[in-house]
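Given below as structure tokens:
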């Protein structure tokens with residue numbers, strides 16, 4: 007059996023690589039849909055501002071897509087290298103779902119991505135728009151498969167266990183497991199919101215530097231409309247997801263709330279702040295609002311939610327971590343809604359593009375979508391512990407039998423590579439953002455299968471070198 | 023066995039073996055370029071080398087991801103024990119592939135003064151990825167001890183003479199694939215340099231293969247029995263004879279200044295080596311003890327992914343062929359977009 011130290015290292019390694027990876031697909035999903043909207047608006051209005059924005063963001067999309075492919079390579083192997091007991095136990099379900107994700111991604115690259123990045127002068131406007139839409143849908147289908155797999159691990163169904171291993175019985179029930187619709191919606195919207203704030207912050211940066219063009223204004227305006235509409239929707243979806251979790255993983259909710267025991271028939275209060283202590287089995291320094299826990303989680307004033315002490319000690323997730331990660335996510339979500347509302351107010355008074363204080367806020371809010379998304383994932387993943395397949399296999403039984411030495415070597419290697427390699431990639435993306443949208447004189451590159459520029463290498467769609475984006479503005 | 027007598031495990035075994043072979047052949051020559059890079063210091067010639075694979079290299083790695091994912095879906099037991107047993111070599115391989123993949127792209131974006139940094143990352147990444155892959159194959163041939171579906175070998179089993187020798191062998195094999203690929207795709211100085219390097223590379227590779235032919239049956243009585251029982255001996259004898267013929271063909275066409283044939287004969291050599299490996303372990307997917315059927319996922323899993331794969335695989339193959347067709351011909355100095 008694995009000692010705790012090695013298990014911790016294995017979990018840290020997975021958390022590190024998957025957290026790094028998810029940033030890229032999230033922006034890919036959001037930007038793909040943004041590009042489809044931009045192209046649609048351009049076709050409809052013939053306003054070249056949309057076309058300029060399309061060319062600008064498609065370059066950032068290409069670099070980001072490339073980073074996602076490279077960081078995803080590791081993920082396809084990590085289930086086997088690091089979690090071999092899990093792969094053997096549940097691979098008959100999680101393996102095919104991952105295979106479908108990979109097939110979807112390749113299908114995308116082989117076809118529509120190429121037309122989208124390189125087909126401007128080769129196909130008609132309608133066909134090009136269709137390709138962009140297909141790429142956007144394709145990214146969502148990829149999300150579909152990965153989220154289905156993750157959700158199945160959280161709320162497994164449609165299987166039986168033969169000789170101690172999972173055997174799939176009903177693929178429809180497996181794919182559309184109980185938490186899947188909520189998780190898929192929550193993640194897809196998180197990708198949209200993250201992208202909206204990334205786009206908004208890029209616009210705010212340019213406006214603060216007095217690079218006030220119609221393109222930049224349009225970017226800010228669209229991003230803030232998106233924030234205004236989608237951030238509140240995310241709150242509603244998140245609430246529904248929470249109720250679903252309460253039904254299927256009550257221990258997770260109890261830990262998020264830092265809620266240790268129910269007293270008599272008293273309604274559950276909401277702990278606004280506190281420090282859950284797993285050893286002492288209480289939440290220290292708690293500031294509680296009576297009734298509010300019941301109201302939020304049961305939508306009633308008298309029902310209780312299950313408390314942590316009603317679960318055996320070894321089945322409790324770490325409340326200290328997810329109490330805070332959840333509050334970071336929810337708090338940032340509130341700030342995002344507020345930013346959207348402020349934007350609406352300033353739009354009415356006409357100061358949207360001029361109010362420097364507000365622009366600084368939007369700039370500052372740039373990474374919050376991604377931070378909230380990571381905090382949300384930490385909440386749901388730490389919150390399902392100690393299970394890797396909920397109720398069926400414990401994380402401690404899922405790991406490969408590696409020593410702490412092996413895991414330290416590989417973790418150090420991953421940290422080194424990710425920070426050196428992806429830092430350059432992210433830096434390059436930021437420099438492209440800094441260059442800003444260029445009116446009218448963008449020449450989209452030619453390319454295609456077997457040519458210098460090809461969709462298999464998304465970065466080849468970007469003509470800018472490091473040097474050419476080094477000194478702008 | 024599958025529905026109505028269709029053996030899905032066999033189909034999946036063939037699909038995955040095909041995918042891995044596509045990977046070895048296609049990523050083989052572009053990893054080979056990274057291995058040959060130190061021999062070609064000239065910046066312009068290095069650009070040409072890069073350009074000979076720029077339009078296709080990312081597609082080459084497609085097969086590696088597809089192979090991994092399909093192994094996971096169709097043979098989860100094999101996926102879990104092989105990947106666990108080969109932990110560090112595979113992590114090193116992934117590290118190498120990331121480095122060279124990113125170096126490949128960023129080299130084109132970097133300024134000329136900074137380009138050498140990415141050149142080094144490209145060389146180091148290619149060498150590390152190839153050497154680790156060779157070690158992984160060697161460890162796999164030696165055998166992965168499994169008891170009750172759990173890997174029971176040591177963490178550093180791969181750190182022994184046979185796998186390390188296989189690591190060196192693969193570096194030479196990929197270098198040969200790279201040098202003969204460049205004969206196809208380049209001209210002038212670069213081509214004649216490659217003609218110069220190909221001969222010794224071919225001889226070194228043959229020496230390595232000869233050593234492997236003696237060493238491998240000594241590792242396992244089972245492999246020895248297999249090689250030297252009647253029916254199989256014919257097959258192996260055939261493979262060896264074809265291998266010798268391919269080597270002769272390679273050397274002959276090299277002397278005659280052919281541009282395409284040396285590469286074709288090198289591909290044949292690699293293919294024969296791959297077939298030799300497949301015959302040595304058949305019908306095991308995890309040598310020495312787990313067969314294709316023992317490692318298989320349930321029928322419903324294999325069937326579920328087969329539907330998608332049969333739809334997508336022809337598309338990927340068509341796209342690949344189309345890419346290579348469009349990209350036919352020599353690459354010259356100054357070609358390319360950068």
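Chains as they are written, first to last, in our numbering: chain A, 7 to 479; chain B, 23 to 360.
Here a beta-carbon is modelled for each residue, glycine too, at the ideal position from N, C-alpha and C.
Note that the structure is predicted; figures quoted are calculated from it, not measured.
Item to complete: Can you grab the Cα-Cα spacing for the pair residue 469 of chain A / residue 45 of chain A, in whole Å?
Response: 21 Å
Worksheet item: What separation, rounded to the nearest whole angstrom, lies between the Cα atoms of residue 153 of chain A and residue 230 of chain B?
Response: For residue 153 of chain A and residue 230 of chain B, the distance between alpha carbons rounds to 47 Å.
Practice prompt. Answer with yes or no whether the minimum CB distance from residue 88 of chain A to chain B is below 9 Å.
Written response: yes
Practice prompt. For the alpha helix (DSSP H) holding residue 220 of chain A, just list the boundary residues, first then last.
Written response: Run containing residue 220 of chain A: 220 to 254, per the alpha helix (DSSP H) assignment.
Item to complete: Could you tell me how far apart the beta carbons of residue 129 of chain B and residue 72 of chain B are, in whole angstroms, since I believe they sit closer than 8 Å?
Response: 7 Å
Discussion item. With DSSP as the reference, identify every bridge partner of residue 168 of chain B, one or two as the case may be.
Written reply: B/173
Discussion item. Any beta carbon from chain A within less than 9 Å of residue 84 of chain B's own beta carbon?
Written reply: yes
Fill in: Of the listed residues A/299, A/73, A/161, A/15, nearest to residue 100 of chain A (C-alpha basis)
A/161
Worksheet item: Going along chain A, which residues have a C-beta under 7 Å from residue 209 of chain B?
Response: Taking a Cβ-Cβ cut-off of 7 Å, residue 209 of chain B has no neighbours in chain A, whose nearest Cβ is about 18 Å from it.
Discussion item. Within 10 Å of its beta-carbon, does residue 11 of chain A have 16 or more other beta-carbons around it, so buried, or fewer, so exposed?
Written reply: exposed
Worksheet item: If you measure beta-carbon to beta-carbon, which residues of the region 34 to 65 of chain A are closer than 9 Å to chain B?
Response: For the region 34 to 65 of chain A, which is checked against every Cβ of chain B, not one residue is closer than 9 Å.
Item to complete: Identify every residue that forms a DSSP beta bridge with residue 283 of chain A.
Response: A/288
Fill in: Through-space distance from residue 247 of chain A to residue 188 of chain A, alpha-carbon basis
Roughly 5 Å between the two C-alpha positions.
Discussion item. Against chain A, does residue 206 of chain B count as a neighbour if the rule is that its beta carbon must be under 9 Å from one of theirs?
Written reply: no
Discussion item. Comparing C-alpha positions only, which one of A/379, A/233, A/28 sits nearest to residue 428 of chain A?
Written reply: A/28
Item to complete: Could you tell me which chain A residues have their CB closer than 9 Å to the CB of residue 219 of chain B, listed as they occur along the chain?
Response: Those within 9 Å of residue 219 of chain B in chain A number zero; the least Cβ separation is about 26 Å.
Worksheet entry | Proximity test, Cβ basis, 9 Å: residue 415 of chain A and chain B | For residue 415 of chain A, at least one C-beta of chain B is nearer than 9 Å to its own C-beta.
Discussion item. Restricting to Cα atoms, I'd like to know which of A/164, A/203, A/195, A/170 is closest to residue 184 of chain A.
Written reply: A/164
Item to complete: For residue 173 of chain A, write down the residues that DSSP places opposite it in a beta bridge.
Response: A/166
Worksheet entry | Residue interval of the beta strand (DSSP E) (run including residue 307 of chain B) | 306 to 308
Item to complete: Flag residue 311 of chain B as yes if its beta-carbon sits less than 9 Å from any beta-carbon of chain A, otherwise no.
Response: Answer no: the Cβ-Cβ gap between residue 311 of chain B and chain A never drops below 9 Å.
Discussion item. Contact between the region 382 to 401 of chain A and the region 74 to 94 of chain A is defined here as three or more beta-carbon pairs at a separation below 8 Å; is this criterion met?
Written reply: yes
Practice prompt. Quick one: give me the first and last residue of the alpha helix (DSSP H) that residue 353 of chain B is part of.
Written response: Residue 353 of chain B -> no alpha helix (DSSP H), and no H or E assigned at all.
Discussion item. I believe residue 100 of chain B touches residue 317 of chain B by the beta-carbon criterion, under 8 Å. Please report the beta-carbon distance rounded to the nearest angstrom.
Written reply: 4 Å
Discussion item. Rounding to the nearest angstrom, what Cα-Cα distance links residue 31 of chain A and residue 267 of chain A in this structure?
Written reply: In a straight line, the C-alpha of residue 31 of chain A is about 40 Å away from that of residue 267 of chain A.
Worksheet entry | Interface partners of residue 113 of chain B on chain A, CB under 7 Å | Listed along chain A are 87, 416, 419, each with a C-beta nearer than 7 Å to that of residue 113 of chain B.
Practice prompt. Locate the alpha helix (DSSP H) running through residue 193 of chain B, then write down its first and last residues.
Written response: 183 to 207
Worksheet item: If you follow the alpha helix (DSSP H) that residue 129 of chain A is part of, which residue opens it and which one closes it?
Response: Unbroken run through residue 129 of chain A: none, as it is neither H nor E.
Worksheet item: In the DSSP assignment, what residue or residues form a beta bridge with residue 294 of chain A?
Response: Residue 294 of chain A is bridged to A/277.
Item to complete: Take the Cβ of residue 74 of chain A as the centre, count every other Cβ of all protein chains shown within 10 Å, and call the residue buried at 16 or more, exposed below.
Response: Burial call: buried.
Discussion item. Is it the case that the region 212 to 229 of chain B contacts the region 186 to 194 of chain B, given that we only count it when at least three CB pairs across the two stretches are under 8 Å?
Written reply: yes
Worksheet item: For chain B, is any of its Cβ atoms less than 9 Å away from the one on residue 432 of chain A?
Response: no
Discussion item. The alpha helix (DSSP H) that contains residue 237 of chain B, what's its start and end?
Written reply: 210 to 241
Worksheet item: Could you give the distance in angstroms between the alpha-carbon of residue 360 of chain B and the alpha-carbon of residue 219 of chain A?
Response: Since pLDDT at residue 360 of chain B reaches only 41, below the 50 mark, its modelled position is unreliable, and the value read off the structure follows with that caveat. If you take the alpha carbons of residue 360 of chain B and residue 219 of chain A, they lie about 30 Å apart.
Fill in: Residues of its chain near residue 167 of chain B, where Cβ-Cβ distance is below 6 Å and the 5 sequence neighbours each way are ignored
These residues qualify, in order along the chain: 174, 175.
Fill in: Inter-residue Cα distance where the pair is residue 410 of chain A and residue 18 of chain A
Counting only the Cα atoms, residue 18 of chain A lies some 12 Å from residue 410 of chain A.
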